[in-house]
Structures are given as structure tokens and as C-alpha cells.
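Notes follow once the structure below has been shown.
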Amino acid sequence: MSIATSPVMPTTTPKLPSSLERAIACARTASQNKATDILVLDLTKITVIFDYFVISTGTSRRQIHAIAEDTDATMRSLGDHRDSIEGYEASKWILQDYGDVLVHVFDPETRDYYKLEELWADAPRIDWQNA
Numbered sequence: 004m005s006i007a008t009s010p011v012m013p014t015t016t017p018k019l020p021s022s023l024e025r026a027i028a029c030a031r032t033a034s035q036n037k038a039t040d041i042l043v044l045d046l047t048k049i050t051v052i053f054d055y056f057v058i059s060t061g062t063s064r065r066q067i068h069a070i071a072e073d074t075d076a077t078m079r080s081l082g083d084h085r086d087s088i089e090g091y092e093a094s095k096w097i098l099q100d101y102g103d104v105l106v107h108v109f110d111p112e113t114r115d116y117y118k119l120e121e122l123w124a125d126a127p128r129i130d131w132q133n134a
């Protein structure tokens, strides 16, 4: 007596949009949440660790959380998942790591203190609003 078996179908992982497309989606999400000073920095020619920084500023704990939470929802809708998050409880600087896209949501004082856009001044800025 033989047992009929069905062939195992290979599973495929859906292809993610490019890191640039996902970074732009994060910037747009920040904008929809009324973030200010939104930047997308292209780090592809500067480091192999990640491709883009998305930097924005929120003016209150509630707004900073909304930006971070909606960014996570946007990335999930694109098929991506967050590898890690730092700073959520303190709400001064939330860092969301999506592998090739890093999203930084600052309060004004912390952003002014760390000045990431000056630290990474060699990185070209992406015109995300017209992309």
C-alpha cells in the first residue's frame, strides 16, 4: 500500500519595493503625521551597512509615537518588518531599523544636539516630495 503525497510547492518571499521607495514612503508617512524638517539621506555610496536615513522631528511625545507607529504600519503594508526599535519609551529619539532603511524620529532638542544631517553631510539628500 502506498501513501499518495503531493509535491511540495516552493514558497516564495514577495519582493519588497526598493530601499529608496520604502524610504520615501517613510518620509511621506512622517509628513502625513505633521512631522517637520523631514530628510531622506542617501548613504548608498558612503556605507554598506544601510542605504537610507529618514530623519524627522515631532513636537510632542504623542506625535513622535504616532510618526513611529504609522511608519511601522507603512513598512508592514509594503511587506517589510522592523528589525529593532530603540528609544520608544523616552520619546526623545526613536530609531527604527528596517535593515537597509533607518528611520529617526527626534524631538527638536535631541535632533539639534545630535545633528545627524551634519554628521552625514556627505550624503546626498533625496527630494522625496517630488519622487
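To convert, count from 1 in the sequence shown and add 3; that's our numbering.
Note that beta-carbon positions come from the ideal geometry of N, C-alpha and C, so glycine has one too.
Note that the structure is a prediction, hence the values are computed from the model and not measured.
ask   = Less than 8 Å separating the beta-carbons of Trp123 and Leu46?
value = For the purposes of this step, residue 123 is identified with residue 120 of the sequence shown, where counting begins at 1. For the purposes of this step, residue 46 is identified with residue 43 of the sequence shown, where counting begins at 1. Yes, the Cβ-Cβ distance between Trp123 and Leu46 is below 8 Å.
Legend entry - Residues of its chain near Gln35, where Cβ-Cβ distance is below 8 Å and the 5 sequence neighbours each way are ignored: Residue 35 sits at position 32 when you count from the first residue of the sequence shown. Closer than 8 Å at the Cβ level, and outside the excluded window around Gln35, lie Asp73.
Taking Ser63 as the reference, which of Arg79, Ala76, Leu42, Ser94 has the closest Cα? By 1-based counting over the sequence shown, the position of residue 63 is 60. Ser63 has its Cα closest to that of Ser94, out of Arg79, Ala76, Leu42, Ser94.
- prompt: Hey, is the segment 94–105 in contact with the segment 25–34, meaning 3+ C-beta pairs nearer than 8 Å?
  reply: With a cut-off of 8 Å, the segment 25–34 and the segment 94–105 count as touching, because enough Cβ pairs lie within range.
Check: Taking buried to mean at least 16 other C-beta atoms within 10 Å of its own C-beta, is Arg79 buried or exposed?
Finding: Taking the first residue of the sequence shown as 1, we reach residue 79 at position 76. It is exposed - the Cβ of Arg79 has fewer than 16 other Cβ atoms within 10 Å.
Fill in: Every unbroken beta strand (DSSP E) within the segment 36–62, with a cutoff of 3 residues, ordered by chain
Counting only runs of 3 or more, we get 39–45, 55–60.
- Query: Whose CA, out of Asp125, Asn133, Trp131, lies closest to the CA of Thr50?
  - Reply: For the purposes of this step, residue 50 is taken as residue 47 along the sequence shown, with counting starting at 1. Answer by Cα proximity: Asp125.
- Message: Buried or exposed for Ser87, going by 16 or more other Cβ atoms inside 10 Å?
- Response: As a first step, residue 87 is located in the sequence shown; it is residue number 84 there, counting from the start. With fewer than 16 other Cβ atoms within 10 Å, it is exposed.
- request: Please name the residue in Arg31, Glu89, Ala134 whose C-alpha comes closest to that of Ala76.
  value: Translated into positions along the sequence shown, residue 76 becomes position 73. The shortest Cα separation from Ala76 among Arg31, Glu89, Ala134 belongs to Arg31.
inquiry  = Nearest by alpha-carbon distance to Glu92: which of Val108, Lys37, Gln132, Asp83 is it?
reply    = For the purposes of this step, residue 92 is identified with residue 89 of the sequence shown, where counting begins at 1. Per the Cα distances, Val108.
> For Ser22, which three-state DSSP category applies?
Replying inline: As a first step, residue 22 is located in the sequence shown; it is residue number 19 there, counting from the start. Of the three classes helix, strand and coil, the one that applies to Ser22 here is helix, per DSSP.
Excluding sequence positions up to five away, which residues of its chain have a Cβ less than 7 Å from the Cβ of Arg85?
-> Taking the sequence shown and counting its residues from 1, the one referred to as residue 85 is at position 82. Only Asp75, Met78, Gln99, Asp100, Tyr101 meet the Cβ criterion.
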